[in-house]
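Data block below; observations after.
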Amino acid sequence: GDQVEQSPSALSLHEGTDSALRCNFTTTMRSVQWFRQNSRGSLISLFYLASGTKENGRLKSAFDSKERRYSTLHIRDAQLEDSGTYFCAAEANTGGADRLTFGKGTQLIIQP
Amino acid sequence: VTLLEQNPRWRLVPRGQAVNLRCILKNSQYPWMSWYQQDLQKQLQWLFTLRSPGDKEVKSLPGADYLATRVTDTELRLQVANMSQGRTLYCTCSGRDRGDERLFFGHGTKLSVL
Chain A
1 GDQVEQSPSA LSLHEGTDSA LRCNFTTTMR SVQWFRQNSR GSLISLFYLA SGTKENGRLK
61 SAFDSKERRY STLHIRDAQL EDSGTYFCAA EANTGGADRL TFGKGTQLII QP
Chain B
1 VTLLEQNPRW RLVPRGQAVN LRCILKNSQY PWMSWYQQDL QKQLQWLFTL RSPGDKEVKS
61 LPGADYLATR VTDTELRLQV ANMSQGRTLY CTCSGRDRGD ERLFFGHGTK LSVL
């Protein structure tokens, strides 16, 4: 089965609202990364976490340091430019740092 | 600043014909290079990680056969053969030798079957 379960699969928000995306892992993971893919297909690195939380502007991500089986991405005060598909990707303990397993993505639409 | 150069952005591939893709690393601080595929349902999947010149690997997945080669410290190649379904191939790099394990993506090459 899927090792990385991402939810929700799609989300539509109005500007100015907050949202949370989540990834659950079926096994303990060493690290997690979050990416955003725009309409042209470009994938941008948002966060790398081996534990704890990181914040960058209106984005904040957390990786459960104890069980290492889920991660969240919070978007505060959503803006139109936040639209895109968000992917989480996890590194298993035995896979190697560049070998990431991706979730199916959350398609996020921000409306005026 | 672009770390990876992948061209072209789109290729039309006649059924039964192989295609060769190149990826050029623009910053030697991120020498770990990999290939990922994204299928038509947007699922991303790791294919290969090749660190050293001369490294070569093959893999068969549903819808395509792959041969990846690390040609030089800055060039990674991928041959895609027997492709029956379209997909996008992304080159990635990371700097885990220096403790930077973030994965950076090239713009990708979208392959469509003719």
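Protein chains in written order, with the working numbering: chain A, 1 to 112; chain B, 1 to 114. The beta carbon of each residue, even a glycine, is placed where N, CA and C say it ideally should be.
| Check | Outcome |
| --- | --- |
| Straight-line gap, residue 36 of chain B to residue 52 of chain A (C-alpha atoms, nearest Å) | 27 Å |
| Residue 66 of chain B - partner residues in DSSP beta bridges | B:59, B:80 |
| Spatial neighbours of residue 84 of chain B in its chain, beta-carbon cut-off 8 Å, leaving aside the 5 residues before and after | 15, 63, 64, 113 |
| Beta-carbon proximity list for residue 48 of chain A, same chain, < 6 Å, skipping 5 on both sides | 33 |
| CA-to-CA distance, residue 87 of chain B to residue 39 of chain B, given in whole angstroms | 5 Å |
| Endpoints, the beta strand (DSSP E) within which residue 34 of chain B is located | 32-38 |
| Beta strand (DSSP E) runs wholly inside the segment 19-50 of chain A, at least 3 long, in chain order | 19-25, 29-37, 43-49 |
| CB of residue 95 of chain B within 8 Å of CB of residue 30 of chain B, strictly | yes |
| Any 3 or more C-beta pairs closer than 8 Å across the segment 81-99 of chain A and the segment 35-50 of chain A | yes |
| Coil, strand or helix - residue 101 of chain B by DSSP | strand |
| Rounded distance between the beta-carbons of residue 3 of chain A and residue 27 of chain A, thought under 8 Å | 6 Å |
| Chain A within 8 Å of residue 60 of chain B, Cβ atoms only | no |
| DSSP bridge partner residues for residue 14 of chain A (one or two, in chain order) | A:111 |
| Opening and closing residue of the beta strand (DSSP E) in which residue 55 of chain A lies | 52-56 |
| Burial state of residue 28 of chain B, where buried means 16 or more other Cβ atoms lie within 10 Å | exposed |
| CA-to-CA distance, residue 74 of chain A to residue 150 of chain A, given in whole angstroms | Beyond the ends of chain A as shown, which are 1 and 112, falls residue 150 of chain A; an answer cannot be given. |
| Per-residue burial, residue 32 of chain B [other beta carbons within 10 Å of its own, 16 or more giving buried] | buried |
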